[in-house]
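Before any comments, here is the structure.
Numbering (full-length UniProt numbering), first residue to last: 1 to 307.
Structure follows, in structure tokens:
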């Protein structure tokens, strides 16, 4: 008989009967019906071609062959128990670890608050171990699709395909300039066409900010395509510094420049004819069951709107 055909449940029943338990008691301990237990033992007997359990008015008892088989099975069952314990530990470790890939805006301005809330919550045991990697939205999607990240947080203007996708909030983009820039003294908003025709400081292609900006202009009744940027930078921090120090107009998440706007280092320029906003979303691999740690973080993310 092929070893893979061994029925560990049937062997465990033999061990229990050998220890003096009835088939009814064995079934109760295993969480199945007596009929199921009897059927599995009979199936094992048929495979081996021997009788293992003698059934009579006084109940069930092992035959001599059954005693022999139960003895042989003892070491196998002990090994199976050790493997099950090890797998449970491994599963528990996996459930308590979480790899998150997040777009730069979310990683810098929202993720710290979510992680802090998760860690400060009491009465739920040890907080999960979270590894956070910041990347642009395109890279985040790739990491989730490849299974490298359990959860991803993106700012793409349209839903992402081939992953589970859930909107968790929105984020406004701001057109900002240094106080000395002519746009800072405008009496009216700059038009969408005026914005599209101006070289701006932008994030790199593939970032959620850049994609949302280009998508908003391209989705107008009369689609617009922005001219080549004055500069492309990989971080919002680089964009804000360039806008402040070089005096160039820039498009960036408003969250990233709130302190600069409040402190007067930058001025937000009103825009007419186009709405510069993008959804914030969480993604995970399609058809994947979220781990306990992922569900825990997601619960905090969905507890309230990003702010």
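No residue lacks a Cβ here, since even glycine has one placed at the ideal position from N, Cα and C.
So residue i and residue j are in contact, right, with Cβ under 8 Å, and what is the actual spacing, rounded?
i	j	result
residue 200	residue 250	6 Å
residue 208	residue 154	6 Å
residue 211	residue 157	6 Å
residue 364	residue 282	Coverage of the chain is limited to positions 1 through 307, which leaves residue 364 absent and any answer about it impossible.
residue 10	residue 29	Not really, about 14 Å apart at Cβ, beyond 8 Å.
residue 170	residue 278	7 Å
residue 309	residue 129	There is simply no residue 309 to check, as the chain begins at 1 and stops at 307 in what is shown.
residue 206	residue 136	5 Å
Rounded to whole angstroms, what's the CA-CA distance from residue i to residue j? Just pull it up for me.
i	j	result
residue 266	residue 255	13 Å
residue 272	residue 139	32 Å
residue 108	residue 175	20 Å
residue 294	residue 114	12 Å
residue 303	residue 147	26 Å
residue 197	residue 231	14 Å
residue 288	residue 66	43 Å
residue 38	residue 48	15 Å
residue 131	residue 240	27 Å
residue 192	residue 285	37 Å
residue 202	residue 112	25 Å
residue 20	residue 36	19 Å
residue 264	residue 291	45 Å
residue 33	residue 23	9 Å
residue 72	residue 25	22 Å
residue 68	residue 74	10 Å
residue 31	residue 145	39 Å
residue 229	residue 120	43 Å
residue 242	residue 188	24 Å
residue 234	residue 204	6 Å
residue 46	residue 27	20 Å
residue 42	residue 64	16 Å
Less than 8 Å between C-beta atoms, sequence neighbours within five positions excluded: which residues of the same chain meet that for residue i?
i	result
residue 58	none
residue 62	14, 17, 18, 52, 53, 54, 70
residue 225	196, 214, 217, 218
residue 222	none
residue 77	8, 11, 12, 15
residue 141	152, 154, 156, 160, 163, 283
residue 149	99, 100, 101, 133, 140, 143
residue 227	196, 197, 198, 199
residue 60	17, 22, 23, 53, 54
residue 220	192, 273, 274
I'd like to know if residue i contacts chain D, where contact means its C-beta is closer than 8 Å to some C-beta of that chain.
i	result
residue 65	Absent here is chain D; the protein component of the structure consists of one chain.
Which residues in the same chain have their Cβ closer than 7 Å to the Cβ of residue i, if we skip the five residues on either side of it in sequence?
i	result
residue 259	none
residue 183	177, 190, 249, 269
residue 118	127, 296, 297, 300
residue 166	281, 282
residue 253	105, 171, 173, 209, 236
residue 261	268
residue 257	174, 176, 240, 266
Within the continuous alpha helix (DSSP H) that includes residue i, where are the two ends?
i	result
residue 28	23-30
residue 39	34-48
residue 15	8-18
Can you list, in chain order, the residues of its chain with a C-beta nearer than 6 Å to that of residue i? Leave out the 5 residues immediately preceding and following it.
i	result
residue 379	Nothing can be reported for residue 379, as the shown portion of the chain is limited to 1 through 307.
residue 90	Residue placement at residue 90 is poorly supported in this model, since its pLDDT is 48, which falls under 50; the coordinates are not used for a value here.
residue 44	7, 10
residue 276	173, 216
residue 179	267
residue 80	8
residue 244	178, 265
In the DSSP assignment, find the unbroken beta strand (DSSP E) run with residue i in it and report its ends.
i	result
residue 291	Counting along the chain, residue 291 falls outside any beta strand (DSSP E), and DSSP gives it neither H nor E.
residue 56	53-56
residue 59	59-62
residue 98	97-103
Residue ranges of each alpha helix (DSSP H) within the stretch 117-163, 4 or longer: Whole alpha helix (DSSP H) segments, 4+ residues: 137-145.
Segments assigned alpha helix (DSSP H), at least 4 residues, entirely inside the stretch 154-234: Taking only runs of at least 4 residues, the alpha helix (DSSP H) segments lying wholly in the stretch 154-234 are 192-196, 208-218.
Those runs of the alpha helix (DSSP H) which lie wholly inside the stretch 226-278 and span at least 4 residues: For the stretch 226-278, whole alpha helix (DSSP H) runs of length 4 or above, ordered along the chain, are 236-246, 254-263.
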